[in-house]
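Undergrad: Residue numbers (the working numbering): 1482 to 1790.
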Amino acid sequence: MSMRTTPGVRLLPNAITVLAMCAGLSAVQFALNGNLNGAIASIAVAAVLDGLDGRIARLLDATSKMGAELDSLSDAMSFGVAPALTLYAWQLQDNRVGWVAALVFAVCMVLRLARFNTLLEDADQPPYAKEFFVGVPAPAAGLLALLPLILTAHFDHAGWWADQGVVMVWMVLIAALAVSRVPTLSLKTVKVPPRLVAPLLVLVAMLAAGIIVFPLISLAIAMVVYLLHIPYAVYRHNWLAKHPEAWEAPPRERRAIRRRTQRMGLRPPLRRSVAGAARRVRRRYSHPNGPRRSWRRLELRRDRNDTNR
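Next up, the structure:
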């Protein structure tokens, strides 16, 4: 019997999706009991499982429409409802405006996922569009929203980042990034040059060591680095939109195109160079203590009689 028709194989990706949803919703229970580390770990585990279910489904050729819908519902619960309720149970229970911020975050996550599903069905996108997400993806937004909680759990005290106003503003800002049109890089399409494979593996090993020894602060640093990459993603998206010749080019040719366009952009205008050359000629053929010679006397302009010969 082929792998495509095996019921157990087709069930595996959906089972991972359900586990991701259960892990995400468990964060609310941990937050209600005051277990901040458990709440953060639950959302992180949900993000890891969310990244695995789709890849396993494609690897096993077990994709289905039901699996896609279940994945969207799981993301809405794990990275929309669960972070909002976790932050509300942790810090915003006695604030009515805090419930409004939690609702805004959850609704924005659902809208972001709905737009993502519609973009998957849009066949009129340019080839470079697959390299970017439109807005911050739901797993990243869910973890970014927990950044005040992560800092509090790491330093074991509530600093200025745990103030109710800061938490509410932070939730609304992350929700706005999720539903915005700001492009962010898709790690699934990032191509690493061969010469950078070894340094990248070293960085991965350092990140793994940091997560094992200092898990919370390593996660916080990773979230800050993710936010800092957004300006580069915007620049890269705008550059690709203006250079159709680089859409299908491999990374090496794309870098060559970028260097060539940068050199062309730094070249001075022609009028300025001609004017500078004329000033150099004028200084060269003019006496320092005497009057300037005319262009006709310098024989730089032909006489009319010479042109008639």
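Think of the CB as a built atom: it goes at the ideal place given N, C-alpha and C, for glycine as much as any other residue.
Since this is a predicted model, take the numbers as computed values, not measurements.
Using the rule of at least 16 other Cβ atoms within 10 Å of the residue's Cβ for burial, across every protein chain shown, is A1583 buried or exposed?
TA: Taking the first residue of the sequence shown as position 1, residue 1583 is located at position 102. Flag for A1583 reads buried.
Undergrad: From R1593, F1511, I1631 and V1499, pick the residue whose C-alpha is nearest to that of F1695; which is it?
TA: In the sequence shown, counting from the first residue as 1, residue 1695 sits at position 214. F1695 has its Cα closest to that of I1631, out of R1593, F1511, I1631 and V1499.
Undergrad: Give every residue of the same chain whose Cβ lies closer than 6 Å to the Cβ of V1762, excluding the five residues on either side of it in the sequence, and list them in chain order.
TA: Position 281 of the sequence shown, counted from the start, is the residue given in the question as residue 1762. Summary for V1762: the model assigns pLDDT 41, below 50, so the residue's position carries little reliability; its value from the coordinates is reported in the next sentence. Same-chain partners within the cutoff: there are none.
Undergrad: So is Q1572 buried or exposed if we call it buried at 16+ other beta carbons inside 10 Å?
TA: If you number the sequence shown from 1, residue 1572 lands on position 91. Buried: at least 16 other Cβ atoms inside 10 Å.
Undergrad: Output needed for R1760: all residues of its chain with C-beta closer than 7 Å, excluding positions within five of it in sequence on either side, in chain order.
TA: Within the sequence shown, the letter at position 279 stands for residue 1760. Residue placement at R1760 is flagged as unreliable, the pLDDT there being 47, under the threshold of 50; a coordinate-derived value is accordingly withheld.
Undergrad: Label A1659 either buried or exposed according to how many other C-beta atoms from any shown protein chain fall within 10 Å of its C-beta, with 16 as the threshold for buried.
TA: As a working mapping, residue 1659 is identified with position 178 in the sequence shown. Buried, by the Cβ-count rule.
Undergrad: Following the continuous alpha helix (DSSP H) through V1585, name the residue where it begins and the one where it ends.
TA: Against the sequence shown, residue 1585 aligns to sequence position 104. That run of the alpha helix (DSSP H) goes R1577 to L1601.
Undergrad: Since A1570 and V1653 are thought to touch, with beta carbons under 8 Å apart, how far apart are those beta carbons, to the nearest angstrom?
TA: Along the sequence shown, read from residue 1 onward, the residue named residue 1570 stands at position 89. Along the sequence shown, read from residue 1 onward, the residue named residue 1653 stands at position 172. Wrong, their Cβ atoms sit about 18 Å apart, outside the cutoff.
Undergrad: Which residue comes first and which comes last in the beta strand (DSSP E) that contains F1636?
TA: Residue mapping note: residue 1636 aligns to position 155 of the sequence shown, counting from 1. F1636 -> not in any beta strand (DSSP E); alpha helix (DSSP H) instead, spanning L1628 to F1636.
Undergrad: Strictly by DSSP, which residues pair up with V1615?
TA: One-based indexing of the sequence shown puts residue 1615 at position 134. For V1615, which the question treats as bridged, DSSP gives the partners P1664.
Undergrad: Whose C-beta lies closer than 8 Å to the C-beta of V1585 among residues of the same chain, with five residues either side of it excluded?
TA: In the sequence shown, counting from the first residue as 1, residue 1585 sits at position 104. These residues qualify, in order along the chain: M1652, V1653 and A1656.
Undergrad: Do the CB positions of A1543 and V1499 come within less than 7 Å of each other?
TA: If you number the sequence shown from 1, residue 1543 lands on position 62. If you number the sequence shown from 1, residue 1499 lands on position 18. No. Outside cutoff.
Undergrad: State whether the region 1637 to 1653 contacts the region 1715 to 1729, with contact taken as three or more CB pairs (one from each stretch) at a distance under 8 Å.
TA: Too few Cβ pairs lie closer than 8 Å, so no.
Undergrad: A1522 and S1559 - do their beta-carbons sit closer together than 7 Å?
TA: For the purposes of this step, residue 1559 is taken as the residue at position 78 of the sequence shown. For the purposes of this step, residue 1522 is taken as the residue at position 41 of the sequence shown. Cβ distance not < 7 Å, so S1559 and A1522 don't count as in contact.
Undergrad: Would you kindly work out how many angstroms separate the C-alpha atoms of M1477 and Q1606, rounded to a whole number?
TA: Examination of residue 1477 is not possible in this model, given that the chain is present from 1482 through 1790 alone.
Undergrad: Using only CA atoms, which one of L1492, Q1645 and A1557 lies nearest to G1623?
TA: In the sequence shown, residue 1623 corresponds to position 142, counting from 1. Comparing Cα positions, the closest option is A1557.
Undergrad: Going by DSSP in three states, K1672 sits in which element: helix, strand or coil?
TA: Locating residue 1672 in the sequence shown gives position 191, where the first residue counts as 1. Residue state, collapsed to three classes: coil.
Undergrad: Just tell me which of D1637, I1711 and R1741 has its CA closest to the CA of I1698.
TA: Against the sequence shown, residue 1698 aligns to sequence position 217. Nearest of D1637, I1711 and R1741 to I1698, Cα basis: D1637.
Undergrad: If you check the beta carbons only, do A1563 and G1515 fall under 7 Å apart?
TA: One-based indexing of the sequence shown puts residue 1563 at position 82. One-based indexing of the sequence shown puts residue 1515 at position 34. For A1563 and G1515, no; Cβs fall outside 7 Å.
Undergrad: According to the neighbour-count rule (16 or more other Cβ atoms, all chains shown, within 10 Å of its Cβ), is T1567 buried or exposed?
TA: The count along the sequence shown starts at 1 and reaches residue 1567 at position 86. It counts as buried.
Undergrad: In the DSSP assignment, find the alpha helix (DSSP H) that holds M1558 and state where it starts and stops.
TA: In the sequence shown, residue 1558 corresponds to position 77, counting from 1. Where M1558 is concerned, there is no enclosing alpha helix (DSSP H), given that its DSSP letter is neither H nor E.
Undergrad: Ends of the alpha helix (DSSP H) at W1720?
TA: Here residue 1720 corresponds to residue number 239 of the sequence shown, with the count starting at 1. Where W1720 is concerned, the enclosing alpha helix (DSSP H) stretches over I1711 to K1723.
Undergrad: Does the beta-carbon of D1575 have 16 or more other beta-carbons within 10 angstroms, so that it is buried, or is it exposed?
TA: Position 94 of the sequence shown, counting from 1, holds the residue named residue 1575. Classification for D1575: exposed.
Undergrad: Please report the Cβ distance between V1615 and L1600, rounded to the nearest whole angstrom; I am assuming they are in contact, meaning their Cβ atoms lie under 8 Å.
TA: One-based indexing of the sequence shown puts residue 1615 at position 134. One-based indexing of the sequence shown puts residue 1600 at position 119. Right, the Cβ-Cβ distance comes to about 6 Å (below 8 Å), so this counts as a contact.
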